[in-house]
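Asker: If you read the sequence shown in UniProt numbering, its first letter stands for residue 1, the second for the next number, and so on. A virtual CB, placed ideally from N, CA and C, is assigned to each residue, including glycine.
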Amino acid sequence: MDLSSTTKVVNSVIDLKAGVARIKAEFVLTGNDKSPTPNTLPCQKEEDLNNLEVDMTDETTSDQEPPNKKQCYLSRKEKRRGQNKSRPPPFKLSRESRLCPVLQDVPEDEPWPECKNEKCTFIHNVPEYISSKLPDIGPVCYLYSVNGHCPRGQTCRFGSQHLTKEGKNCSNKSCNRTDASTINFLTKELQADLRKRRYDFSKSENIITSLDKMKQKKAEVRSGARKVDGQGNETKPEEKQYSNVKMEVDDHIPEQKSTNENNEVEDKICGPAVLPDLALKREKKEITKLLTDKREVLLGLGNNRKLANVLVVLSSTAEDGVIELNWQNKLYLAPLTTVGNLPFRRICKELGADITCGEMAMASSLLQATQQEWALVKRHESEKLFGVQLCGNNPYVMTRCTQLLEEQMSINFIDVNLGCPIELVYQQGGGSGLLRREKVLESIVRSMSNVTNLPLTIKTRTGVYTDKNIAHTLVPKFRDWGASLITVHGRSREQRYTRNADWNYIETCAKLASPTPVFGNGDILSYEDYERVSIDYPSIKGVMIGRGALIKPWLFTEIKEKRHWDISSSERLDILRKYVNYGLEHWGSDTKGVENTRRFLLEWLSFLYRYIPVGLLEEPPQKINQRPPGYRGRDDLETLMASANCTDWIKIRTPHLG
């Protein structure tokens with residue numbers, strides 16, 4: 001039997017299972033093959049599970065009651081799922097085992113300083129700390145090699161390159177870098193102002209008060225419009241009776257006539273809504289486009305607030321000062337919770353991503369000055385077009401947080417999360433929970449768009465329930481409420497990430513939202529998927545890529561170069577090595593930073609192993625809902641990278657992080 005006939009036989013067996021990728025026969029593992037790194041765990045047959053023996057000595061069973069085979073089957077089935085329920089708590093070092101920060105980074109030509117905090121519980125005996133310190137992971141410190149200085153000093157796990165025998169920190173002045181590559185830090189002054197509630201949110205309060213008054217007067221008019229005359233007939237007030245009803249407009253909020261047909265009656269009764277003049281904005285887009293190229297060049301230099309203010313002047317219109325960005329055909333990296341961290345975004349930027357956005361941040365936690373939440377706002381200098389995604393459940397918190405971010409951070413846009421399916425967030429009315437609270441959602445979007453000159457974007461799902469799409473009713477309202485860009489994920493909250501994304505529905509939403517641009521999100525894993533969307537759905541102005549970027553971050557390069565990249569295992573390893581270096585730069589090269597880098601590298605490897613090399617596929621490209629049968633790679637490293645076993649992920653990590 002020749003190779004082609006063998007391939008047909010193997011693939012005919014594989015085709016019996018839906019969602020299985022077609023692998024070339026010479027790489028598929030048959031029953032006689034034994035792979036040290038299988039890409040899937042062996043699945044037991046159902047009849048074997050039904051015939052499982054039950055331990056009758058268990059306290060929960062009795063002699064009178066036979067064992068429940070169904071419960072036994074379900075329990076064994078649950079154990080095979082990927083949930084890690086015995087996961088340990090996050091890594092944390094005790095203060096008694098850590099060196100005092102005062103002694104951490106002492107230059108070699110300076111004397112040892114003294115800690116002035118009498119209650120300090122850190123280690124102050126330097127020889128004692130050096131003797132108890134864990135051995136170095138490697139001989140080369142990435143931070144010292146690139147910047148000429150490692151701020152972790154004695155605590156660095158690669159410190160042999162820049163530490164003296166006494167523990168003092170050396171610097172290489174020839175490559176010393178003074179400018180910061182990462183910006184948007186929470187300063188101690190800002191943290192104190194937020195925690196002691198000294199920050200001036202009067203701008204937000206005025207807008208929220210104006211919006212509340214508008215809603216109150218509309219409610220009064222609605223109640224008055226339903227009065228009944230003496231004969232029992234419903235009477236409607238004449239328009240002129242309410243012609244003088246005007247809203248109290250704050251000085252910084254211009255008026256606008258709503259373009260939404262559903263609001264025409266309310267506009268006639270209550271007067272124009274308290275909104276920016278969106279029609280005027282659209283007329284000014286042509287002028288704004290002339291500034292786009294100049295603005296994008298300057299965005300790469302936005303490391304301070306002075307330059308950010310210059311950008312606002314350059315990219316704003318003469319009257320309302322609202323920034324308009326050119327979203328057309330941009331490749332947008334989705335704001336991925338946990339895995340969409342700054343080192344990962346740097347990798348994607350180098351591989352071709354145009355727009356990046358920080359991980360979902362809770363607005364309430366930002367206002368409480370929580371350091372862990374503010375870490376999600378950090379921005380690298382390579383991120384030319386960067387935004388922050390906010391999640392909240394009421395306009396008061398969201399509006400204040402929007403004002404705070406615009407005034408204190410260097411960002412290009414703010415995104416509202418309407419798609420988070422997490423149960424806790426949903427039950428509190430945030431994320432996708434806002435899709436069922438339209439009045440609250442309207443208040444949030446209107447208030448946020450009024451309080452900021454930055455573009456306001458919205459990311460939403462098709463709806464809450466699988467059989468009830470509602471995004472098409474909301475996108476025209478988002479346009480009228482002040483959204484600059486709308487992204488629609490082609491699945492409902494109930495679907496999570498199962499089933500294919502509904503791009504026909506996204507196209508419908510894009511037509512209804514015109515002229516506001518709509519991006520689509522879901523199932524993009526190759527440049528062919530991108531081309532199909534561009535051709536078949538012309539109303540969609542761009543794509544957001546999430547899981548596709550996690551599985552193959554070089555997807556952005558493939559799209560821009562319009563080719564399938566049969567990337568080698570060594571090239572993939574180089575990408576991982578870069579990620580490790582960027583992680584050490586971001587989280588630190590001390591023990592805690594190394595642990596963080598280890599953790600997030602493993603999180604990413606749980607997606608990377610799903611990639612099937614192009615050279616192994618019978619019919620490329622890979623589809624995002626396809627999984628391969630057991631297969632071997634073209635070399636040992638490629639086989640190792642295809643393993644779903646976490647012990648193999650640790651083997652990949654060990655040479656770089658120990």
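Could you tell me the distance, in whole angstroms, from the CA atom of P629 to the CA atom of E561?
Answerer: Those two C-alpha atoms are separated by around 30 Å.
Asker: Excluding five sequence neighbours on each side, which residues of the same chain lie with their C-beta closer than 8 Å to the C-beta of F607?
Answerer: Within the same chain, F607 has close Cβ partners V339, R547, L550, I551.
Asker: Could you give the distance in angstroms between the alpha-carbon of C175 and the alpha-carbon of H489?
Answerer: C175 and H489: Cα-Cα distance of roughly 45 Å.
Asker: Out of R195, P107, E114, T498, point me to the one whose CA is closest to H162's CA.
Answerer: Nearest C-alpha to H162: P107.
Asker: Round the Cβ separation of V475 and C509 to the nearest angstrom and send it over; I've been treating them as touching at under 8 Å.
Answerer: About 5 Å separates the two Cβ atoms, so the contact holds.
Asker: Return the residue from the list C120, L441, S449, S447 that minimises the CA-CA distance to T460.
Answerer: Looking at the Cα atoms, L441 is the closest of the given residues.
Asker: Got a sec? Which residues, its chain only, sit under 7 Å from R572 by beta carbon, not counting five neighbours each side?
Answerer: Within the same chain, R572 has close Cβ partners M641.
Asker: Is it a yes or a no for the region 630 to 639 touching the region 592 to 610, going by three-plus beta-carbon pairs under 8 Å?
Answerer: No: the two stretches stay apart, fewer than three of their Cβ pairs being nearer than 8 Å.
Asker: Just to confirm the assignment, what range does the alpha helix (DSSP H) spanning Q154 have?
Answerer: First-last for Q154: undefined, no H or E at that position.
Asker: Quick check on G520: does DSSP put it in helix, strand or coil?
Answerer: Strand.
Asker: Could you say if the region 151 to 168 and the region 344 to 360 meet the contact criterion of at least three C-beta pairs nearer than 8 Å?
Answerer: These segments do not touch.
Asker: Going by the CB atoms, is the gap between S365 and V399 shorter than 8 Å?
Answerer: Reading off the sequence, residue 399 comes out as Thr, not Val. For T399 and S365, no; Cβs fall outside 8 Å.
Asker: Select from P455, L418, L454, L424 the residue whose C-alpha is nearest the C-alpha of R437.
Answerer: The option with the nearest alpha carbon to R437 is L418.
Asker: Leaving out five residues before and five after R563 in sequence, what residues of the same chain have Cβ atoms less than 6 Å from its Cβ?
Answerer: Closer than 6 Å at Cβ, skipping near neighbours: no residue.
Asker: Determine, using beta-carbon pairs with one atom in the region 527 to 540 and one in the region 572 to 585, whether at least three such pairs fall under 8 Å.
Answerer: The region 527 to 540 is not in contact with the region 572 to 585.
Asker: Can you tell me the Cα-Cα spacing of T337 and M360, whole angstroms?
Answerer: Those two C-alpha atoms are separated by around 6 Å.
Asker: Please check the pair I411 and L390, which I expect to be a contact at CB under 8 Å, by giving their CB distance rounded to whole angstroms.
Answerer: So it is not a contact: roughly 11 Å between Cβ atoms.
Asker: Since S484 and T457 are thought to touch, with beta carbons under 8 Å apart, how far apart are those beta carbons, to the nearest angstrom?
Answerer: The Cβ separation is near 6 Å, so the contact holds.
Asker: When burial is assigned at 16 or more other CB atoms within 10 Å of the CB, is F519 buried or exposed?
Answerer: It counts as buried.
Asker: Could you tell me how far apart the beta carbons of I130 and V594 are, in whole angstroms, since I believe they sit closer than 8 Å?
Answerer: So it is not a contact: roughly 18 Å between Cβ atoms.
Asker: Helix, strand or coil, according to DSSP, for E65 in the structure here?
Answerer: Caution is warranted here: a pLDDT of 46 is assigned to E65, below 50, making its placement in the model unreliable, and no coordinate value can be reported.
Asker: Mapping DSSP to helix, strand and coil, what is M360?
Answerer: In the structure shown, M360 sits in coil (DSSP, three-state: anything other than H, G, I, E or B).
Asker: Taking 8 Å as the CB-CB limit, is G588 close to chain D?
Answerer: Here chain D cannot be found, since the structure has a single protein chain.
Asker: Taking C-beta to C-beta, are C141 and S589 nearer than 8 Å?
Answerer: Yes; because the gap between Cβ atoms is below 8 Å, this pair is in contact.
Asker: Can you give me the C-alpha to C-alpha distance between Y144 and N169, rounded to a whole angstrom?
Answerer: For Y144 and N169, the distance between alpha carbons rounds to 10 Å.
Asker: With respect to the beta strand (DSSP E) encompassing M544, which residues constitute its N-terminal and C-terminal limits?
Answerer: Note, M544: beta strand (DSSP E), 542 to 545.
Asker: Since I believe R98 is in contact with I123 (beta carbons under 8 Å), could you give me their beta-carbon distance rounded to a whole number of angstroms?
Answerer: Confirmed, about 7 Å.
Asker: Give the straight-line distance between the Cα atoms of L298 and S181, rounded to the nearest whole angstrom.
Answerer: Legend: pLDDT at L298 = 36, less than 50; position of this residue unreliable, value from coordinates given subsequently. Straight-line Cα distance between these residues: approximately 15 Å.
Asker: Report the rounded CA-to-CA distance for S492 versus Y332, giving the unit in angstroms.
Answerer: About 20 Å.
Asker: Can you give the Cα-Cα distance for E189 and L424, rounded to whole angstroms?
Answerer: Taking the straight line joining both Cα atoms gives about 32 Å.
Asker: Check the DSSP bridge columns for L485 and list the partner residues they point to.
Answerer: Per DSSP, T457.
Asker: Helix, strand or coil for P276 per DSSP?
Answerer: With a pLDDT of only 39 at P276, under 50, the local geometry of the prediction cannot be trusted, and the value read off the model is given with reservation. In the structure shown, P276 sits in coil (DSSP, three-state: anything other than H, G, I, E or B).
Asker: The alpha helix (DSSP H) with Q408 in it runs from where to where?
Answerer: Element bounds for Q408: 395 to 408.
Asker: Given that a residue counts as buried once 16 or more other Cβ atoms are within 10 Å of its Cβ, and exposed if not, what is F344?
Answerer: Buried is the call here.
Asker: So, helix, strand or coil for N147, using DSSP?
Answerer: The answer is helix: DSSP assigns N147 an H, G or I state.
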